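Worksheet: the structure to be examined is printed underneath.
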Amino acid sequence: MTPKGRTERVAEYIREEIAKLLIDGIKDPRLGFVSVMGVKMSKDLRYANVYVSLYGDEKQRKSSLVALQNSAGWVKAMIAQNLHMRYIPDIRFFPDDSLDRVYAMEEVFSMIHQKKTEQPFIKLDLTTIIEEIKSAERIMITTHERPDGDALGSLIGLWYWLESQGKNQIIPLIEKPIPKMYSFLPRADKVYFLDDERLPKIDVDTVVIVDVASLERIGEVSEKVQAKHKVLVIDHHETLEDNGLMGFADPSYAACGEIIAELFINTQTPFSEESAICLYVAQATDTGGYRFSNTNARSHRIASHLMETQFDLEEINAKIFDTITVPQFELQKRMLSRAKLELQGKVSYSYLTQKDFEQVGATVEDCHNLVNNLRNIEGVSIGILFTEINQEKTKISIRSRKHFHAGEFLTQYGGGGHRCAAGGTLNMPLDKAKEEILKAIERQING
C-alpha cells in the first residue's frame with residue numbers, strides 16, 4: 013500500500029467513527045445538527061483535521077463548533093477503544109470550507125479557552141502518557157500557581173527527563189518567579205515566569221501540566237495555552253474536575269515527583285544527581301520528610317533510586333526542613349500568637365493579614381507549611397490557617413489527621429488536595445471565611 017493510500021484509509025476509518033459518535037455519543041447540549049464532510053490526515057498521521065458542516069444561525073454554529081472542539085480529547089479516547097491502531101491522532105475540528113468564512117476562527121477558539129467543558133477528565137495509563145509526550149516536538153511545561161516543592165521539583169525533574177528522551181525545544185514556565193526557599197534547586201534560575209524578559213515566543217505543539225489537573229489552577233499561564241495545543245496532565249491529587257483534559261492521574265502516589273521518577277524508571281533512564289535532587293525535594297516536601305500518612309512502600313523504593321546518585325542528603329534536608337527565612341519566622345510568631353482551639357480542642361486555627369505580610373516583608377509563599385504547627389498541637393485533629401489575599405479573597409490551608417478528609421471537604425469551596433493536606437481560595441473577606449469554614453467543619457464533625 014502506498015503512503016497516500018494508507019493515509020486515506022485511516023482518514024476514512026476516523027470519519028466513520030466520528031459520524032457514529034455524533035449520532036449518539038456526544039452529549040454536549042451546545043451541539044446542534046452537524047455533518048462530517050471529510051477527514052484530512054497529516055503526513056505523519058499525528059493529526060486528523062475533521063471538516064464539518066454546521067447548521068443553524070451564526071450563534072448555533074459557533075456553539076456547535078465549541079462543543080466539538082471541547083469533545084476532541086474524548087472523541088480521541090473513543091476512537092482508541094474502537095480502532096486497533098498503534099497511534100491515535102489528535103482530533104481537530106474545523107468548519108467545512110464553504111462555512112469557514114462565516115466567522116473568524118480566533119473568536120471560536122477564544123470561546124473554547126474560556127468556557128468550562130462538560131466532558132470528563134480522560135485518564136491515561138503510564139505507558140500511554142509516555143507515548144503521548146514522546147510524540148511531541150515542542151513542549152511547554154508548567155504547574156499550578158504559588159508552586160510548592162512538589163510542583164517545582166516535578167517540573168524541573170520532567171525537564172531533565174524530556175532532555176534524556178532527545179527533546180531540545182522545551183519551555184519551562186510558571187506564573188511568577190520561583191520562591192526564594194526553592195531557589196537552590198538545579199536550574200531554578202532557568203525556569204521562565206510570565207514577566208521574564210528572557211521568555212521566548214511560545215511556539216509549541218504540546219503543553220504538559222504537573223501537580224494539578226486544571227487550566228484554571230495554573231494562573232495567567234493559562235492564557236498561553238491555545239486550542240491548537242495538545243494538553244497533557246501528570247498529577248496525583250484525588251480531586252479531578254470534569255474539564256475534558258487528559259493525562260495520568262493517580263492519587264496512590266504520595267507526590268507528583270514520584271510519577272516523574274516513574275518516567276525515568278519505566279524508560280530505563282538513569283537519574284542524574286540534579287534530577288534526583290529535584291525529585292527528592294518533590295517527594296520529601298509532600299510527604300513531610302516521609303512522615304505523613306500518604307507515605308508508602310513505593311515512596312521509599314523511589315527514594316532509594318534517587319539516593320543512589322549520592323547527592324548531599326543532609327544539605328538538601330537542611331534547606332527544605334531546617335531553614336526558615338526571617339520573614340517566615342515573623343509570620344510564624346504572629347500565627348502562633350493568634351492560634352485558638354475550637355470544638356473541644358479538636359480544631360486549631362489562626363490567621364494572617366495583608367498587613368502582616370507588608371510589615372515583615374513576606375510573600376504568600378513564605379507561609380507555606382506554617383499550618384503544620386497548628387495540626388501538631390496535642391489533641392488537635394484539624395489545623396487551619398486563613399491567609400488574607402485581599403479584602404475580598406482568603407486563602408485556606410488545612411492539615412488533618414486520617415479521619416477527616418481535608419481534600420473532599422474543600423471541594424465544596426472550589427479547593428481540593430489530599431486526605432490530610434488541602435487548600436483553596438474563598439471569594440470572601442477574612443472574617444467571613446473564618447466563620448464559614450469553622451461552622452462547616454463543626455457540622456461535619458458533629459454530623
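Going by the working numbering, the first residue of the sequence shown is number 13, and it counts up by one from there. Quick reminder that beta carbons are idealized off the backbone N, C-alpha and C, glycines included. Nothing here was measured: the structure is a model prediction, and the numbers come from that model.
If you reduce the DSSP assignment to three classes, tell me which class residue i lands in.
{"i": "P184", "result": "strand"}
{"i": "S287", "result": "helix"}
{"i": "R229", "result": "helix"}
{"i": "K358", "result": "coil"}
{"i": "A330", "result": "helix"}
{"i": "F341", "result": "helix"}
{"i": "I396", "result": "strand"}
{"i": "Y265", "result": "coil"}
{"i": "D378", "result": "helix"}
{"i": "A418", "result": "helix"}
{"i": "A239", "result": "coil"}
{"i": "Y363", "result": "strand"}
{"i": "K32", "result": "helix"}
{"i": "Y302", "result": "coil"}
{"i": "Y172", "result": "helix"}
{"i": "D162", "result": "helix"}
{"i": "F260", "result": "strand"}
{"i": "N458", "result": "helix"}
{"i": "I336", "result": "coil"}
{"i": "R310", "result": "helix"}
{"i": "N61", "result": "strand"}
{"i": "T139", "result": "helix"}
{"i": "G429", "result": "strand"}
{"i": "G373", "result": "coil"}
Which residues in the same chain as residue i place their Cβ atom closer than 7 Å to its Cβ, once the five residues preceding and following it in sequence are excluded?
{"i": "I100", "result": "K88, I91 and A92"}
{"i": "T8", "result": "It is not possible to answer for residue 8, since the shown part of the chain is limited to 13 through 459."}
{"i": "S250", "result": "Correcting the residue type first, residue 250 is Glu in the shown sequence and not Ser. Closer than 7 Å at the Cβ level, and outside the excluded window around E250, lie P263, G419 and H430."}
{"i": "V216", "result": "R150, I151, M152, I183 and H241"}
{"i": "Q72", "result": "G44"}
{"i": "V372", "result": "P339, E342 and L343"}
{"i": "C25", "result": "Going by the sequence as given, residue 25 is Tyr instead of Cys. Cβ neighbours of Y25 beyond the five flanking positions: L95."}
Measure how close the beta-carbons of residue i and residue j come, nearest whole angstrom, since I'm counting them as under 8 Å.
{"i": "I272", "j": "L170", "result": "5 Å"}
{"i": "G259", "j": "W86", "result": "About 13 Å; that fails the 8 Å criterion."}
{"i": "I401", "j": "T423", "result": "No, I401 and T423 are not in contact; Cβ-Cβ is about 20 Å, not under 8 Å."}
{"i": "I103", "j": "V62", "result": "6 Å"}
{"i": "E228", "j": "E187", "result": "Incorrect: roughly 12 Å between the Cβ atoms, too far for contact."}
{"i": "S147", "j": "T155", "result": "Actually they do not touch by this definition, with Cβ atoms about 22 Å apart."}
{"i": "S311", "j": "Q295", "result": "6 Å"}
{"i": "I410", "j": "I394", "result": "7 Å"}
Hey, how far is the Cα of residue i from the Cα of residue j?
{"i": "P198", "j": "V338", "result": "24 Å"}
{"i": "G269", "j": "A374", "result": "27 Å"}
{"i": "K202", "j": "R158", "result": "17 Å"}
{"i": "M440", "j": "N94", "result": "48 Å"}
{"i": "D368", "j": "P191", "result": "18 Å"}
{"i": "L244", "j": "A23", "result": "24 Å"}
{"i": "N384", "j": "I38", "result": "45 Å"}
{"i": "I142", "j": "V64", "result": "31 Å"}
{"i": "T281", "j": "W173", "result": "8 Å"}
{"i": "M193", "j": "I396", "result": "22 Å"}
{"i": "G427", "j": "A452", "result": "14 Å"}
{"i": "Y67", "j": "V219", "result": "32 Å"}
{"i": "S195", "j": "A225", "result": "25 Å"}
{"i": "V509", "j": "V78", "result": "Coverage of the chain is limited to positions 13 through 459, which leaves residue 509 absent and any answer about it impossible."}
{"i": "K352", "j": "E447", "result": "13 Å"}
{"i": "D137", "j": "I246", "result": "11 Å"}
{"i": "S75", "j": "Q366", "result": "42 Å"}
{"i": "T399", "j": "L348", "result": "13 Å"}
{"i": "K32", "j": "E20", "result": "19 Å"}
{"i": "T406", "j": "I145", "result": "36 Å"}
{"i": "K444", "j": "G301", "result": "34 Å"}
{"i": "Q456", "j": "N306", "result": "23 Å"}
{"i": "R350", "j": "I336", "result": "20 Å"}
{"i": "E28", "j": "K135", "result": "24 Å"}
{"i": "L57", "j": "A84", "result": "16 Å"}
{"i": "L185", "j": "A261", "result": "21 Å"}
{"i": "E320", "j": "G435", "result": "34 Å"}
If you drop the 5 nearest sequence neighbours on each side, which residues of the same chain put their C-beta closer than 6 Å to that of residue i?
{"i": "Y292", "result": "L318"}
{"i": "E70", "result": "none"}
{"i": "L211", "result": "Y204"}
{"i": "S176", "result": "T281"}
{"i": "E119", "result": "Since pLDDT at E119 reaches only 47, below the 50 mark, its modelled position is unreliable, and the value read off the structure follows with that caveat. Excluding residues within five positions, none has a Cβ falling inside 6 Å."}
{"i": "E9", "result": "No information on residue 9 is available, as it lies outside the stretch 13 to 459 that the chain covers here."}
Excluding the 5 residues flanking residue i on each side, which residues of the same chain have their C-beta closer than 8 Å to its C-beta?
{"i": "I30", "result": "V48, V51, V62, V87, I91 and I103"}
Answer with yes or no whether the minimum CB distance from residue i to chain B is below 8 Å.
{"i": "P189", "result": "In the displayed structure, chain B is absent; only one protein chain is listed."}
Quiz item: Counting pairs of Cβ atoms below 8 Å between the stretch 354-365 and the stretch 380-391, do you hit three or more?
Solution: yes
Quiz item: Taking one C-beta from the stretch 308-327 and one from the stretch 204-211 each time, how about it: are there three or more such pairs within less than 8 Å?
Solution: no
Practice problem: Assess, as a yes-or-no matter, whether the stretch 413-420 is touched by the stretch 369-380 under the definition of 3 or more beta carbon pairs within less than 8 Å. | Solution: no
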